[in-house]
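Novice: Pasting a structure below so you can have a look.
In my numbering, the protein residues as written are 26 to 139.
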């Protein structure tokens, strides 16, 4: 149980640090906070509500991983480097794909609601 608690604290510190230092993380945290009540109203069934909330959590998780990759790349190679740039672009593309998934899920829920 102690290991689980310590793992949670590590994750919490990462989330707080990301929220304090990264604009994209802050934006996605705001989307999550605003999206939670909207998902409860918009979702017609439990599974739609779960999909709406899960899409926001997935998007935030991908943004945190993208941020971690970018920070690691900047630490290892602070100067501009073409191959490091490709790694950062790939991580950014992964985060973007989760944003597309979230947009599809939320768009479908809005269409279904009307």
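Ideal Cβ positions, reconstructed from N, Cα and C, are used throughout, including at glycine. Note that the coordinates shown come from a computational prediction; the quantities given were computed from them, not determined experimentally.
#1: Helix, strand or coil: which one does DSSP assign to residue 26?
#2: Spatial neighbours of residue 50 within its chain, please: CB distance less than 7 Å, with the 5 preceding and 5 following residues excluded, ordered by chain position.
#3: Using DSSP with H/G/I as helix, E/B as strand and the rest coil, what is residue 121?
#4: Look at residue 94 and residue 102 and say whether their C-beta atoms are less than 8 Å apart.
#5: How about residue 68 and residue 77: do their beta carbons lie closer than 8 Å?
#6: Let me know the secondary structure DSSP gives residue 62 once reduced to three states.
#7: What three-state label does DSSP hand residue 107 in the structure shown?
#8: Give the C-beta separation of residue 83 and residue 123 to the nearest angstrom, bearing in mind that I take them to be a contact with Cβ-Cβ under 8 Å.
#9: Judging by CA-CA distance, which residue of 134, 105 and 80 is the nearest neighbour of residue 120?
#10: Applying the criterion that 16 or more other CB atoms from any shown protein chain within 10 Å of the CB defines a buried residue, is residue 64 buried or exposed?
#11: Could you check which residue in 71, 86, 46 and 130 has the C-alpha nearest to that of residue 116?
Specialist: Here's the rundown:
#1: On the chain shown, residue 26 is found 1 positions in, with the first residue counted as 1. Note: residue 26 maps to coil in three-state DSSP.
#2: Here residue 50 is taken as the residue at index 25 of the chain shown, counted from 1. Only 43, 44, 88, 89 and 92 meet the Cβ criterion.
#3: Taking the first residue of the chain shown as position 1, residue 121 is located at position 96. The DSSP-derived three-state label of residue 121 is helix.
#4: Locating residue 94 in the chain shown gives position 69, counting from the first residue. Locating residue 102 in the chain shown gives position 77, counting from the first residue. With contacts defined as CB atoms closer than 8 Å, residue 94 and residue 102 fail to qualify as a contacting pair.
#5: For the purposes of this step, residue 68 is taken as the residue at position 43 of the chain shown. For the purposes of this step, residue 77 is taken as the residue at position 52 of the chain shown. Yes.
#6: Residue 62 sits at position 37 when you count from the first residue of the chain shown. For residue 62, the three-state secondary structure derived from DSSP is helix.
#7: Translated into positions along the chain shown, residue 107 becomes position 82. Secondary structure of residue 107 (DSSP, three-state): helix.
#8: Here the question's residue 83 lines up with position 58 in the chain shown. Here the question's residue 123 lines up with position 98 in the chain shown. Here residue 83 really is in contact with residue 123; their C-beta atoms are around 5 Å apart, less than 8 Å.
#9: In the chain shown, residue 120 corresponds to position 95, counting from 1. If we check each option's Cα against that of residue 120, 80 comes out closest.
#10: Walking along the chain shown from the start, residue 64 turns up at place 39. Counting other Cβ atoms within 10 Å of its Cβ, residue 64 reaches 16 or more and is therefore classed as buried.
#11: Residue 116 sits at position 91 when you count from the first residue of the chain shown. That would be 86, whose Cα lies nearest to the Cα of residue 116.
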